[in-house]
Amino acid sequence: MSKKASSISANTPKVSFAARVKKDFIRNRSLYILVIPVILFYIMFHYKPMYGAIIAFQDYVPRKGISGSDWVGFDQFIRFFQSPYFFRLIKNTLLLSIYGLVFGFPMPIILALLLNELHHKKYKKVIQTITYLPHFISLVVVTGMIKDFTQSTGLITDIVVMLGGERSSLIQNPDLYRTIYIVSDIWQGIGWGSIIYLSALSGVDQQLYEAASIDGAGRFKQLLNVTLPGIAPTIIIMLVLRIGQLLGTGYEKTILLYNEATYETADIIASYIYRVGILERNWSYSTAIGLFNSVINLTLILIANKISKKVSETSLF
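Under this note's numbering, read the sequence shown as residues 958 to 1274, first letter to last.
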């Protein structure tokens, strides 16, 4: 029987890769058509602009163009490493990212676990709606609210004074800037970030809870032994992605919140790139800093993914 099967497989004509692709395209034509706009988007706005990274190694002059500008090698990178702002930028960026990771990353998980314990549907929907809403508020509006609430006559400042503090503009205080930044980040993103963990919780097998309950496990033990292990792969993937953004803190919120009084703790790599690239028109220098930032982020995500794969057998790739 095995000889007959082997002879049939040997006589079966091999289908070429192009023929298989064509057959699959015909079968799933509608899906391929739907994905075309996504592919074009990434080609136009993510891959094509990579060519412009060449100017990081040039003394770029718009009049000469990329092909005509003088090649300077790693001079722009050396200039950044020797800059008096280098260590301040690295420190501020890392501290903001690490504080966000330590205090901000667990919050959506905790909220999702708490919501998962609510059985009153209407109350649960109200809580979800309240926590989701800040995500949809424009960042410009959010930063405006933060400035109004933390100025010397603001609501939060009034609360601080009631608790025994001194009246001053909190947002102008470099020592309080990181706290204000992280707390407002948590407030704006906790609800939206919990959605993915709620989805993961819905996929946990309910029979495991029943078995744990029969074995005498209470709610807390079920949380430790069933719930958290069930959503652990999702948590690990999100953590790996977050680690890959340690130096990738966005400039938008920073440039809307900071000022010269808070540069000491507020100025980060992204905001510095904005100033030297857009305001000072030093394109080669800002591109070199951005490229350095991207390489570090890529390295971090590769390391985090490798460690995750080795420790938990869960990884991005």
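Yeah, the Cβ is synthetic: ideal placement off N, Cα and C, and Gly gets one too. Owing to the predicted nature of the structure, the values given are computational and were not obtained by experimental measurement.
What's the C-alpha gap between residue i and residue j?
i: T1088; j: G1150; result: 10 Å
i: Y989; j: F982; result: 7 Å
i: R977; j: G1022; result: 44 Å
i: I1260; j: V1161; result: 29 Å
i: L1133; j: S1126; result: 10 Å
i: A1157; j: L1185; result: 10 Å
i: L1236; j: T1222; result: 21 Å
i: A1069; j: E1270; result: 24 Å
i: T1136; j: I1200; result: 20 Å
i: Y1004; j: Y1242; result: 21 Å
i: M1001; j: W1028; result: 26 Å
i: T1114; j: R1020; result: 51 Å
i: E1074; j: K1082; result: 13 Å
i: Y1017; j: K1079; result: 59 Å
i: M1102; j: K1048; result: 27 Å
i: V1118; j: L1112; result: 10 Å
i: I1116; j: F1044; result: 35 Å
i: I1084; j: A1218; result: 38 Å
i: P1131; j: F1037; result: 24 Å
i: S973; j: I1194; result: 36 Å
i: K1104; j: P1063; result: 26 Å
Exposed or buried, what is residue i when buried is set at 16 or more other beta-carbons lying within 10 Å of its beta-carbon?
i: Y1215; result: buried
i: V1097; result: exposed
i: W1240; result: buried
i: K1210; result: buried
i: T1256; result: exposed
i: I965; result: Note on I965: pLDDT 45, under 50, position unreliable in the model; no value is reported.
i: S1109; result: exposed
i: N985; result: exposed
i: A905; result: Summary: the structure shown does not reach residue 905, with the chain confined to residues 958 through 1274, and so no result is reported for it.
i: L1120; result: exposed
i: I1035; result: exposed
i: T1107; result: buried
Name the residue from the options whose alpha carbon lies nearest to the alpha carbon of residue i.
i: L1071; options: Y1242, V1233, I1147, F974; result: I1147
i: Y1154; options: T1191, V1140, R1124; result: T1191
i: L1046; options: Y1220, F1274, D1132; result: Y1220
i: I1196; options: G1187, I1066, M1007, I1113; result: For clarity, residue 1196 is Leu in the given sequence; the question names Ile instead. Selected option, being the one with the closest Cα: I1066.
i: I1258; options: L1204, E1209, I1246; result: L1204
i: D1142; options: G1121, Y999, T1244, S1095; result: S1095
i: I1128; options: F1249, S1054, T1100, E1074; result: T1100
i: F1014; options: V1117, F1249, E1217, A1245; result: A1245
i: P1006; options: L1248, L1273, S1228; result: L1248
i: L1180; options: Q1163, I1194, I1193; result: Q1163
i: Q1202; options: S973, Y1056, I996; result: Y1056
i: K1266; options: G1234, A1189, Y1208; result: A1189
i: L1090; options: G1030, I1152, V1118; result: I1152
i: Y1208; options: F974, D1016, D1224; result: D1224
i: L1198; options: L1273, V995, L1052, G1121; result: L1273
i: A1010; options: I993, L997, F1031, I996; result: F1031
Taking residue i and residue j to be in contact with their CB atoms under 8 Å, please state how far apart those CB atoms are, rounded to whole angstroms.
i: I1171; j: G1061; result: No, I1171 and G1061 are not in contact; Cβ-Cβ is about 37 Å, not under 8 Å.
i: I1012; j: S1026; result: 7 Å
i: F1054; j: T1206; result: Checking the sequence shown, residue 1054 turns out to be Ser, not Phe. Confirmed, Cβ separation roughly 6 Å.
i: I1212; j: Y1231; result: 6 Å
i: N900; j: I1226; result: In the structure displayed, the chain extends from 958 to 1274; residue 900 sits before or after that span and is not available.
i: Q1033; j: H1092; result: Actually they do not touch by this definition, with Cβ atoms about 37 Å apart.
i: Y1042; j: Y1229; result: 6 Å
Taking only beta-carbon atoms, is residue i less than 7 Å away from chain B?
i: R1199; result: Of the protein chains in this structure there is only one, and it is not chain B.
Comparing the CB of residue i with every heavy atom of the ligand GTP, is any distance shorter than 6 Å?
i: L1127; result: Ligands in the displayed structure: none, and consequently the ligand GTP is not present.
Mind pulling the alpha helix (DSSP H) runs of 4 or more residues that sit fully within the segment 994–1051?
1022–1025, 1032–1038
In chain order, which continuous runs of the alpha helix (DSSP H) of length 4 or greater are located wholly inside the segment 1133–1198?
1163–1171, 1176–1179
Unbroken alpha helix (DSSP H) runs of length 4 or more, entirely within the segment 1075–1112: which are they?
1078–1089, 1096–1107
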